[in-house]
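A short worksheet on the structure shown next.
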Amino acid sequence: MGAGQQKFDCIVLGAGIAGIAAANKLRLAGLTVCLLEKSRGIGGRLATRRIAGQMFDHGAQFFTAREEGFISEVEKWVAIGIARPWFGGPGHERFCGSDGMSPMAKALAENLDVRREQKVEWIGLENGIWSVRTNSGTFEGSRLLLTNPAPQAVDLLEVSDLIVSTGYLDTLKTIEYEKCISLMLLLESELGLSKTGIIQNESGKPIATLTETSVKGITDRPGIVIQSSPEFAEENFGSSSDSIFKQLTDALPYSGPLKLEEMSLQKWRFAKRIDHDLEVSFMQDEANLLWHAGDGYISPKIEGAFLSGERVAESIIVSFRANGTLSSQGPGESKHAD
Ligand SMILES: Cc1cc2nc3c(=O)[nH]c(=O)nc-3n(C[C@H](O)[C@H](O)[C@H](O)COP(=O)(O)OP(=O)(O)OC[C@H]3O[C@@H](n4cnc5c(N)ncnc54)[C@H](O)[C@@H]3O)c2cc1C
Numbered sequence: 008m009g010a011g012q013q014k015f016d017c018i019v020l021g022a023g024i025a026g027i028a029a030a031n032k033l034r035l036a037g038l039t040v041c042l043l044e045k046s047r048g049i050g051g052r053l054a055t056r057r058i059a060g061q062m063f064d065h066g067a068q069f070f071t072a073r074e075e076g077f078i079s080e081v082e083k084w085v086a087i088g089i090a091r092p093w094f095g096g097p098g099h100e101r102f103c104g105s106d107g108m109s110p111m112a113k114a115l116a117e118n119l120d121v122r123r124e125q126k127v128e129w130i131g132l133e134n135g136i137w138s139v140r141t142n143s144g145t146f147e148g149s150r151l152l153l154t155n156p157a158p159q160a161v162d163l164l165e166v167s168d169l170i171v172s173t174g175y176l177d178t179l180k181t182i183e184y185e186k187c188i189s190l191m192l193l194l195e196s197e198l199g200l201s202k203t204g205i206i207q208n209e210s211g212k213p214i215a216t217l218t219e220t221s222v223k224g225i226t227d228r229p230g231i232v233i234q235s236s237p238e239f240a241e242e243n244f245g246s247s248s249d250s251i252f253k254q255l256t257d258a259l260p261y262s263g264p265l266k267l268e269e270m271s272l273q274k275w276r277f278a279k280r281i282d283h284d285l286e287v288s289f290m291q292d293e294a295n296l297l298w299h300a301g302d303g304y305i306s307p308k309i310e311g312a313f314l315s316g317e318r319v320a321e322s323i324i325v326s327f328r329a330n331g332t333l334s335s336q337g338p339g340e341s342k343h344a345d
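Residue numbering for the sequence shown follows the numbering used here, starting at 8 and increasing by one per position.
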């Protein structure tokens, strides 16, 4: 595949964990895949920001591995050193990226063709070929997988004036998200609030999760990440940084003076998917060879997004086999018949 190639078997919108999991599986099946990612970084809500050379995870802090398909995957990540257990006893382990969450995503995407800073603005289908227009180019694919949060996928479909099956669109419209505000603080001294490096509050308080980054082991200087409750985020999404800083630091379980070196703020409009009754692992619009996957389905976390990505890839592979453009050998040995 040439570096500048713009035609692919499958285009994946989004290089979060779902898009990466799907693309890796499609690539192993012998398909050409391109991921279009609007951000400069890889990982989506597996997000790490560097502040004064220190790594702060400001999206997901940790992940679970409860389902067989994901447990074996995480064992591989631990074996190659990109993830490690953080807290929780046997059977309840919580894992994190060894050097932060986004470096882990980057390592998982190592063999993939990811085009960064490509915001998909419009999609269209003509003669069975998808045309995907971004802020700086047009890409073509015979299959299209969307992995952005469902409300953003719905907006894209509506802006594109695309006729999709009502079942597909109506299901996407039922998937909703809570907001979250993450406040990252680099400090002069440790607060010493927890043994593990994480405090998770019951609902109703302004702070949902508090992480001490040096105890977590991803910074060598003292730092904390305060993640707000959805209620706080809803009320304060439009508030100034100063007001958010004051309210969240006032809510810390710490009464001493806070010696601040640097701060950074991230507002997440689509942070955690709200619980629902959907039992599918992804959505497919069969007539249009269009799919949607991510944490909107199996569970609202990294594990759920990864499994949704793997399962949607199987469905896309089956669609290629059904029209005879892919041999039916196992992943890793398949030959593209085009
Ligand atoms: C603050 C916070 C805390 C969390 N805590 C945890 C936790 O502790 N444990 C846990 O398991 N999970 C947690 N989660 C949830 C977890 O991060 C997500 O469930 C998971 O990362 C979702 O992955 P995804 O691939 O489905 O979506 P995303 O990671 O959102 O990936 C979608 C990608 O699509 C890109 N994109 C969107 N629109 C476009 C476009 N138009 N063009 C191109 N690219 C586009 C985005 O930039 C993004 O990279 C947390 C999330 C947040 C925000």
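Heads up, the beta-carbon is just placed ideally off N, CA and C, and yes, glycines get one too.
Keep in mind that this is a model prediction, so the values were computed, not measured.
For Phe-77, the secondary structure class from DSSP, reduced to helix, strand or coil, is helix. Under the Cβ criterion (8 Å, minimum of three pairs), the stretch 83–98 does not count as touching the stretch 117–132.
For Lys-274, the uninterrupted beta strand (DSSP E) run begins and ends at 267–280, by DSSP. Here the stretch 41–59 makes contact with the stretch 103–110; the two share three or more CB pairs at distances below 8 Å.
Linking Glu-317 to Ala-29 through their CA atoms gives a straight-line distance of about 5 Å.
Note that the C-beta distance between Tyr-304 and Ser-322 is not below 8 Å. Considering only Leu-35, Gln-68, Thr-178 and Val-127, the residue with the shortest C-alpha distance to His-299 is Thr-178.
Beyond the five residues adjoining it in sequence on each side, Thr-256 comes within less than 7 Å, by CB distance, of Leu-265 in the same chain, given in chain order. Ligand 1 has no heavy atom closer than 7 Å to the beta-carbon of Thr-145. Ser-288 has its Cβ no nearer than 7 Å to any heavy atom of ligand 1. Comparing alpha-carbon positions, the option among Gly-331, Lys-202 and Ile-231 lying closest to Phe-94 turns out to be Lys-202. Annotation: the stretch 90–165 contains the following complete segments of the alpha helix (DSSP H) (minimum length 4 residues), in chain order: 108–115. Nearest neighbour of Pro-260 by Cα position, chosen from Glu-286, Asp-292 and Pro-213, turns out to be Pro-213. Going by DSSP, Phe-252 is part of no beta strand (DSSP E) but of the alpha helix (DSSP H) stretching over 248–257.
Cβ neighbours of Leu-296 within its own chain (closer than 6 Å, five residues either side excluded): Arg-150. Distance from the CA of Asp-292 to the CA of Lys-253, rounded to the nearest whole angstrom, comes to 47 Å.
Gly-245 has its alpha-carbon roughly 11 Å from the corresponding atom of Arg-276. The stretch 78–90 makes no contact with the stretch 134–152: fewer than 3 CB pairs, one atom from each, lie closer than 8 Å. For Ser-315, the three-state secondary structure derived from DSSP is helix.
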